[in-house]
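**Q** Just dropping this structure here.
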Amino acid sequence: MEPGNIVEFVGVQKTYDGRTVVIENLSLSVRQGEFLTLLGGSGSGKTTTLMMLAGFETPTRGHILVKGKPIEHLPPHRRGIGVVFQNYALFPHMTVAQNLAYPLRMRKRSREEIQSKVGKAIEMVRLEGMQNRRPSELSGGQQQRVALARALVFEPDLVLMDEPLGALDKTLREHMQYEIKQIHRELGVTMVYVTHDQSEALAMSDRIAIFERGAVAQIASPQELYEQPASVFVAGFIGENNILSGRSEGTDDSGRGRVLLDCGRTVRMRSADGFAEAGRPLKIAVRPEHLVVGSAARDRLNQCEGKIADTTYLGDHLRALVDIGGGQTMVVRKPLLDFARPPVIGEKILIGWNEGDGRVFA
Amino acid sequence: MTLTDRDGTETRAIRHAWDRAGKRRRATSLLLVAPLLVYVLLAFMLPIGMMLYKAVENVELLKAVPQTAAALSRWTPQDQGELPPDAVFTTFLQEVSAAPRNLVGEAARRLNYEVSGYRTLLTSTIRKLRTLPDGLAEEGAARRFLADIDKRWEEPGYWHAMKRASPAYTPYYMLAAVDLAVDDTGRIVQAPEEQRTYIDILLRTLKTAAVVTAACVLLGYPLANLMVVAPRPFSIALIIAVMLPFWTSLLARTSAWIVLLQREGLVNSLLGSLGLIREPLELIFNTTGLYIVMIHMMLPFMVLPLYSTMKGIPSHFMKASASLGAHPVRGFLNVYLPMTLPGVGAGVLLTFIVTAGYYITPSLVASARDQMIGYFIAFFANTTINWGMASALGIILLVCTVVVYFLAARTVGVRQLAGLK
Ligand SMILES: Nc1ncnc2c1ncn2[C@@H]1O[C@H](COP(=O)(O)OP(=O)(O)O)[C@@H](O)[C@H]1O
Ligand SMILES: [Mg+2]
Numbered sequence: 001m002e003p004g005n006i007v008e009f010v011g012v013q014k015t016y017d018g019r020t021v022v023i024e025n026l027s028l029s030v031r032q033g034e035f036l037t038l039l040g041g042s043g044s045g046k047t048t049t050l051m052m053l054a055g056f057e058t059p060t061r062g063h064i065l066v067k068g069k070p071i072e073h074l075p076p077h078r079r080g081i082g083v084v085f086q087n088y089a090l091f092p093h094m095t096v097a098q099n100l101a102y103p104l105r106m107r108k109r110s111r112e113e114i115q116s117k118v119g120k121a122i123e124m125v126r127l128e129g130m131q132n133r134r135p136s137e138l139s140g141g142q143q144q145r146v147a148l149a150r151a152l153v154f155e156p157d158l159v160l161m162d163e164p165l166g167a168l169d170k171t172l173r174e175h176m177q178y179e180i181k182q183i184h185r186e187l188g189v190t191m192v193y194v195t196h197d198q199s200e201a202l203a204m205s206d207r208i209a210i211f212e213r214g215a216v217a218q219i220a221s222p223q224e225l226y227e228q229p230a231s232v233f234v235a236g237f238i239g240e241n242n243i244l245s246g247r248s249e250g251t252d253d254s255g256r257g258r259v260l261l262d263c264g265r266t267v268r269m270r271s272a273d274g275f276a277e278a279g280r281p282l283k284i285a286v287r288p289e290h291l292v293v294g295s296a297a298r299d300r301l302n303q304c305e306g307k308i309a310d311t312t313y314l315g316d317h318l319r320a321l322v323d324i325g326g327g328q329t330m331v332v333r334k335p336l337l338d339f340a341r342p343p344v345i346g347e348k349i350l351i352g353w354n355e356g357d358g359r360v361f362a
Numbered sequence: 001m002t003l004t005d006r007d008g009t010e011t012r013a014i015r016h017a018w019d020r021a022g023k024r025r026r027a028t029s030l031l032l033v034a035p036l037l038v039y040v041l042l043a044f045m046l047p048i049g050m051m052l053y054k055a056v057e058n059v060e061l062l063k064a065v066p067q068t069a070a071a072l073s074r075w076t077p078q079d080q081g082e083l084p085p086d087a088v089f090t091t092f093l094q095e096v097s098a099a100p101r102n103l104v105g106e107a108a109r110r111l112n113y114e115v116s117g118y119r120t121l122l123t124s125t126i127r128k129l130r131t132l133p134d135g136l137a138e139e140g141a142a143r144r145f146l147a148d149i150d151k152r153w154e155e156p157g158y159w160h161a162m163k164r165a166s167p168a169y170t171p172y173y174m175l176a177a178v179d180l181a182v183d184d185t186g187r188i189v190q191a192p193e194e195q196r197t198y199i200d201i202l203l204r205t206l207k208t209a210a211v212v213t214a215a216c217v218l219l220g221y222p223l224a225n226l227m228v229v230a231p232r233p234f235s236i237a238l239i240i241a242v243m244l245p246f247w248t249s250l251l252a253r254t255s256a257w258i259v260l261l262q263r264e265g266l267v268n269s270l271l272g273s274l275g276l277i278r279e280p281l282e283l284i285f286n287t288t289g290l291y292i293v294m295i296h297m298m299l300p301f302m303v304l305p306l307y308s309t310m311k312g313i314p315s316h317f318m319k320a321s322a323s324l325g326a327h328p329v330r331g332f333l334n335v336y337l338p339m340t341l342p343g344v345g346a347g348v349l350l351t352f353i354v355t356a357g358y359y360i361t362p363s364l365v366a367s368a369r370d371q372m373i374g375y376f377i378a379f380f381a382n383t384t385i386n387w388g389m390a391s392a393l394g395i396i397l398l399v400c401t402v403v404v405y406f407l408a409a410r411t412v413g414v415r416q417l418a419g420l421k
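Just so you know, the protein sequences line up as chains A and C, in that order. For the first sequence, UniProt numbering assigns the number 1 to the initial residue and increments by one for each residue that follows. For the second sequence, UniProt numbering assigns the number 1 to the initial residue and increments by one for each residue that follows.
Shown next as C-alpha cells:
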C-alpha cells in the first residue's frame, strides 16, 4: 500500500447473480485528499464500486482497504464514510436541521456540539433560515445541498457521491459543481464522485477513472486523459474525437508510422509506444480542434479531401461534418473566421493535420 | 402577470371566461357521480339518519292512547307520591278499552321497558275490561274501578312511568345504552344494578378490538416487511397467503377454525400426540378462541395498508441512515418506523373499527360472556324487535368509531391515513 492512498481496491470482483460479473478484477487506489471521479456509461459498475466501498455490497473476491486496513467485515454504519445518494435520501419526516443532526446524534455528541456543527454546516451550504423546513419544502438544488451537508457534517475523511447532480437542470448543475469543488478545496476531504457526464468529470476532478464494463480503462488527470488516452475507448469517451480505422504500412525513415486509412488515403503518424508491423489493423484518433481547413491545410503533413456533409452553427465556432470517402467522416471544429467563407453543404474542403496531432492505437 | 395588474373590466372578463370554461366540466363530473350520490344517500345516509331517529322515537303510547299521553304530558306532579288527576284515569280507561289490540300490545311492551311487570299489568287489565261501567265521570270512579282490577293502578310509580313513555321523543334508549335512566322525579340516575350491562359490553368490545388490533400490528408489521423485501416468487406466495382469507367465505373460514380448535380438533390431537398436554385445551367457544379467530380474520386489514406504505419507501433511506452511522436498529426506530406510521395508522384504524363492529364470527366462536356490542345490536334488532335499543347501541358504536378516527387523524393526519401523502 502506498502511503498517500486512503482507499485501495485489490483484485475486487463482484457478481450479483453468480453468472454475470459486474466488476472484474478491479484494482484502484484513491489518494488522500483528492477528488476522484468514476466516469463511465450506464451499467459500467460505478455505483456497484461505490456501494462496495460504502459497505452496502460485498465483493465476491478481492479486498478493499481503507487506510491500509481491510474493511469487508465492517458494517456500513461503522465505516464512517459520508455518502450522497443520487436521489438525496433526505429523511422526509425530519426538518433540515434534524437531518443534519442525525449523524451527530447517532454518534452521541453533546447538544451544544450538535447545535454548533449543524449551524456551521447550514452556513457552509448557504441554507440559513431553512433549518426548520421539511425536505419537501425545498427546491431540488436546496435538497442537494442538505444532502451534501449531511454527508459532511460528521467530518468523515472520505465522502462518496453517486451522480448527485443528475436530477438538476444544467445551470444549477454547473453552479453546484463549482460549490462542491469549493467545499472540497476548503475541507481537504477525499471525495469519490460518480458521474456519466464527461464534462462534469473534466470540470471537477483531480483524477478520473474511466470505467468500461466493470474495469478501469484508464485512471489519470483530466488533461492526461484528454491528451494521452490509453485506448480507443478512452479517446472516444472523453471529448470529441475523430477515430479512423486503417491498416499499418510500417514505419518510414524518420520513425513515423504509415497508416492506410479505409478511405484509401495513407497518412503518417507518430506513436510513442512503437508502431505495429505492416498489415496490422490500426485506429488513429485526431481531435477536431487539431484539424485545419482550407489553405492552412496545405502545409500539413497529412491532407484529406472531403465533402461537407453537415454544418452546425454554435456561436463562437462552427462544427462541420466532412465525408472523406470510404464510409468515413471527420468532424472539424473551428471559429467561423478560419473558413475562407461560410461552408456550404456539398462543397469540397481540404483538411490537414500533422504527424503529432493525433494518437495511434493498435 | 397577475389579475390585479389589469383593469377591472378585463379582470372580470377573464374570470367570466374561466367560470364558463369550468361550468361545463363541473356539470359533467357532477352528472357522472350523480348515481353514486343517490346511492350513498339512500343506502348510507338514510339508514344512519333513521337509526338516529329510531333511538329517540317514542310513538307507542301516542298511537295507542293519544289523549292519555297528551294529558300525562301536561301533568306536572309535585312529588313522586302524587297520582295524576282523575280525568287522566277516565280518559285512559275509555281509550285503552277502545284501542286496537296490537297498538295496546306495543304500548305494553314499551311500558315494560320502564317498569318490568307493566306488560302483564296492562294486558291482564285489558282482559277484564270487557264492559265499562256507567258513571265513570264521577269523582274517583275510574280510579277505583282500575284499582279493583289491580291495585297497582293506585301506585304512583306506574303513572310516572307512563308519563315518561308519553312524549313523542324519549332519551330512554340512549340513557339505557350507557346504563342510565330517568327516575320518577325526572333526574338522570344510574340504572338499577341488575340492568347495568351496556358499559361492560362497550368496554369489553373496546378491549377486544384493542387486543386484536395490537396483535395484528405485532404480527402484521414484520409480515408486511417480509412481503416487501422477500425475493420475487416468495413475496408473491406471501401476498396470496395474506389475501386468501379475503377470497374464502367468512363462514367457511370460521367453521375451519372450529374444526381445528375444538376439543377433539387437529391442534389438540397434535399437542396430545406430542405429549405436550394431558387434557385437551379449551381453544374455542371462549375468549382464547375469539382472539385466535379474530386476529386471523383481521390480519389482512392490517397487512395491506402496511404493505402499500412500506412498498413506497425506497431502500436508500435505510442505506442513508447506515451511512450516517446509525445501527440498523436505531435506523429502524428513527427512520423506517416513522415513515411507516401512516400505514400503521390506517391499519390500526381499519382493524379496530371493523373488529369493534364484528358480529358473526364472535357469535360463532366465543362464549356468551365474550360477546361484543354487535351481538347485542343484532339481538335487539332480530330477536326482541327493540329498534330503540338496537339504534341506541348502534349510535354508541358509531360514536366510538368516530372518536377512534379522530384520534388516529390527530396523531397521523387525515391525508396520510387516506394514503394521499
Ligand atoms: N442489485 C443488483 N442486482 C443485480 N444486478 C445489479 C444490481 N445492481 C446493479 N446490477 C447490475 O450491475 C451492473 C452495473 O450496475 P451499476 O453499478 O449500477 O452501474 P452504473 O452505476 O455504472 O450505471 C448493471 O448491469 C446492473 O444491471
Ligand atoms: Mg449508477
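Even for Gly, the Cβ is constructed at its ideal location relative to N, Cα and C.
List, in order along the chain, the chain C residues whose C-beta lies closer than 9 angstroms to that of I81/A?
**A** Start at 1 with the first residue of the first sequence, and residue 81/A comes out as number 81. What I81/A touches in chain C: S323.
**Q** Short check: CB of V303/C to CB of G345/C, under 7 angstroms?
**A** Here residue 303/C refers to the residue found at position 303 when the second sequence is read from its first residue. Here residue 345/C refers to the residue found at position 345 when the second sequence is read from its first residue. Going by C-beta atoms, V303/C is not nearer than 7 angstroms to G345/C.
**Q** Please confirm whether any heavy atom of ligand 2 lies closer than 6 angstroms to the CB of residue 424/C.
**A** This structure cannot settle anything about residue 424/C, because the visible part of chain C is limited to 1 through 421.
**Q** Looking at T47/A and ligand 2, is the gap between the Cβ and the nearest heavy atom below 6 angstroms?
**A** Working through the first sequence from its first residue, we reach residue 47/A at position 47. Flag set: Cβ of T47/A near ligand 2.
**Q** Let me know the secondary structure DSSP gives N382/C once reduced to three states.
**A** Here the question's residue 382/C lines up with position 382 in the second sequence. Helix.
**Q** Hey, how far is the Cα of residue 438/C from the Cα of M227/C?
**A** Because chain C here runs from 1 to 421, residue 438/C falls outside it and cannot be looked at.
**Q** Would the beta-carbon of S245/A be found less than 6 angstroms away from any heavy atom of ligand 1?
**A** In the first sequence, counting from the first residue as 1, residue 245/A sits at position 245. For ligand 1, not one heavy atom lies less than 6 angstroms from the Cβ of S245/A.
**Q** Tell me H63/A's beta-bridge partners as DSSP assigns them.
**A** For the purposes of this step, residue 63/A is taken as the residue at position 63 of the first sequence. According to DSSP, H63/A bridges with V10/A.
**Q** If you run the structure through DSSP and keep just helix, strand and coil, what is K128/C?
**A** Sequence index remark: in the second sequence, residue 128/C carries index 128 (1-based). Three-state result, K128/C: coil.
**Q** For K67/A, count the other beta carbons within 10 Å of its own beta carbon; 16 or more makes it buried, fewer makes it exposed. Which is it?
**A** Walking along the first sequence from the start, residue 67/A turns up at place 67. Burial call: exposed.
**Q** Does L28/A come out as helix, strand or coil in the three-state DSSP assignment?
**A** Taking the first residue of the first sequence as 1, we reach residue 28/A at position 28. Reduced to three states, the DSSP call for L28/A is strand.
**Q** On the three-state DSSP scale, how would you describe F352/C?
**A** In the second sequence, residue 352/C corresponds to position 352, counting from 1. The answer is helix: DSSP assigns F352/C an H, G or I state.
**Q** Between the stretch 323-339 of chain C and the stretch 197-207 of chain C, do three or more beta carbon pairs fall short of 8 angstroms?
**A** Flag = no, the stretch 323-339 of chain C and the stretch 197-207 of chain C do not touch.
**Q** Within 10 angstroms of the Cβ of L3/C, are there 16 or more other Cβ atoms? Answer buried if so, exposed if not.
**A** For this step, residue 3/C is matched to residue 3 along the second sequence. Residue confidence for L3/C is low, a pLDDT of 48 falling below 50, so the modelled location carries little weight and cannot support an answer.
**Q** From the DSSP output, in three-state form, read off S221/A for me.
**A** Here residue 221/A refers to the residue found at position 221 when the first sequence is read from its first residue. Coil.
**Q** Does the distance between the C-beta of Y313/A and the nearest non-hydrogen atom of ligand 1 fall short of 6 angstroms?
**A** To locate residue 313/A, count along the first sequence from 1; it is residue 313. No, the Cβ of Y313/A stays beyond 6 angstroms of every heavy atom of ligand 1.
**Q** Would the C-beta of G18/A count as close to ligand 3, meaning under 6 angstroms from any of its heavy atoms?
**A** Absent from the structure shown: ligand 3. Ligands present: ligand 1 and ligand 2.
**Q** Less than 8 angstroms between the CB atoms is what I'm expecting for E139/C and D86/C, so what's the real figure, rounded?
**A** Sequence index remark: in the second sequence, residue 139/C carries index 139 (1-based). Sequence index remark: in the second sequence, residue 86/C carries index 86 (1-based). That belief holds up - the Cβ atoms of E139/C and D86/C are roughly 6 angstroms apart, short of 8 angstroms.
**Q** List the DSSP bridge partners of Y313/A.
**A** In the first sequence, residue 313/A corresponds to position 313, counting from 1. Answer by DSSP bridge pairing, in chain order: L318/A.
**Q** For ligand 1, is there a heavy atom less than 6 angstroms away from the beta-carbon of G62/A?
**A** Position 62 of the first sequence, counted from the start, is the residue given in the question as residue 62/A. Not under cutoff, so the answer is no.
**Q** Would you check if the stretch 179-198 of chain A and the stretch 34-50 of chain A touch, i.e. whether three or more CB-CB distances between them fall below 8 angstroms?
**A** Touching, yes.
**Q** In its own chain, which residues sit with a C-beta less than 8 angstroms from the C-beta of M1/C, not counting the 5 before and 5 after it?
**A** Within the second sequence, residue 1/C is the residue found at index 1, counting from 1. Bear in mind that the predicted position of M1/C carries a pLDDT of just 46, short of 50, making it unreliable; the figure below should be weighed with that in mind. Excluding residues within five positions, none has a Cβ falling inside 8 angstroms.
**Q** Does DSSP put D17/A in a helix, in a strand, or in coil?
**A** Locating residue 17/A in the first sequence gives position 17, where the first residue counts as 1. It is coil, neither helix nor strand.
**Q** Of all Cβ atoms in chain A, is any one closer than 7 angstroms to the Cβ of K319/C?
**A** Walking along the second sequence from the start, residue 319/C turns up at place 319. Yes, because at least one Cβ of chain A sits closer than 7 angstroms to the Cβ of K319/C.
**Q** Could you check if F85/A is buried or exposed, using at least 16 other CB atoms within 10 Å of its CB as the buried criterion?
**A** In the first sequence, counting from the first residue as 1, residue 85/A sits at position 85. Its Cβ being crowded by 16 or more others within 10 Å, F85/A is buried.
**Q** Among L291/A, G264/A, G4/A and L260/A, which has the Cα closest to the Cα of A276/A?
**A** Within the first sequence, the letter at position 276 stands for residue 276/A. Closest by alpha carbon: L260/A.
**Q** Compute every distance between the C-beta of S42/A and the non-hydrogen atoms of ligand 1, then say whether any falls below 6 angstroms.
**A** Your numbering for residue 42/A matches position 42 in the first sequence. Correct: S42/A has its Cβ closer than 6 angstroms to ligand 1.
**Q** Note down, in chain order, each residue of its chain lying with its Cβ closer than 7 angstroms to the Cβ of R133/A, except the 5 sequence neighbours on either side.
**A** Here residue 133/A refers to the residue found at position 133 of the first sequence. Excluding sequence neighbours, R133/A sits near T95 and V96.
**Q** List the residues of chain C that P59/A touches, going by C-beta distances under 7 angstroms, in chain order.
**A** Residue 59/A sits at position 59 when you count from the first residue of the first sequence. Chain C residues near P59/A: none, gap ~17 angstroms exceeds 7 angstroms.
**Q** If the criterion is Cβ atoms closer than 7 angstroms, does the pair G394/C and I377/C meet it?
**A** Stepping through the second sequence from its first residue, residue 394/C is reached at position 394. Stepping through the second sequence from its first residue, residue 377/C is reached at position 377. It is a contact, given that the beta carbons lie within the stated cut-off.
**Q** Which residues mark the beginning and the end of the alpha helix (DSSP H) in which G236/A is found?
**A** For the purposes of this step, residue 236/A is identified with residue 236 of the first sequence, where counting begins at 1. That run of the alpha helix (DSSP H) goes V232 to F237.
**Q** On the criterion of 16 or more Cβ atoms from any shown chain inside 10 Å, does L152/A qualify as buried, or is it exposed?
**A** Counted from its first residue, the first sequence places residue 152/A at position 152. Flag for L152/A reads buried.
**Q** Looking only at DSSP bridge pairs, what is G325/A linked to?
**A** As a first step, residue 325/A must be located in the first sequence, where it is residue number 325. Answer by DSSP bridge pairing, in chain order: Q328/A.
**Q** Does any residue of chain C have a CB that is nearer than 7 angstroms to the CB of P135/A?
**A** Counting from one through the first sequence, the residue named residue 135/A turns up at place 135. It does not: the Cβ of P135/A has no partner Cβ on chain C nearer than 7 angstroms.
**Q** Considering Cα atoms alone, identify which of D162/A, V7/A and T48/A is closest to Y16/A.
**A** Numbered from 1 along the first sequence, position 16 holds the residue referred to as residue 16/A. The shortest C-alpha separation from Y16/A is found at T48/A.
**Q** Pull out every residue of the stretch 327-354 of chain C whose Cβ sits closer than 7 angstroms to any Cβ of chain A, in chain order.
**A** The stretch 327-354 of chain C vs chain A, Cβ under 7 angstroms: H327, R330, V335, P338 and M339.
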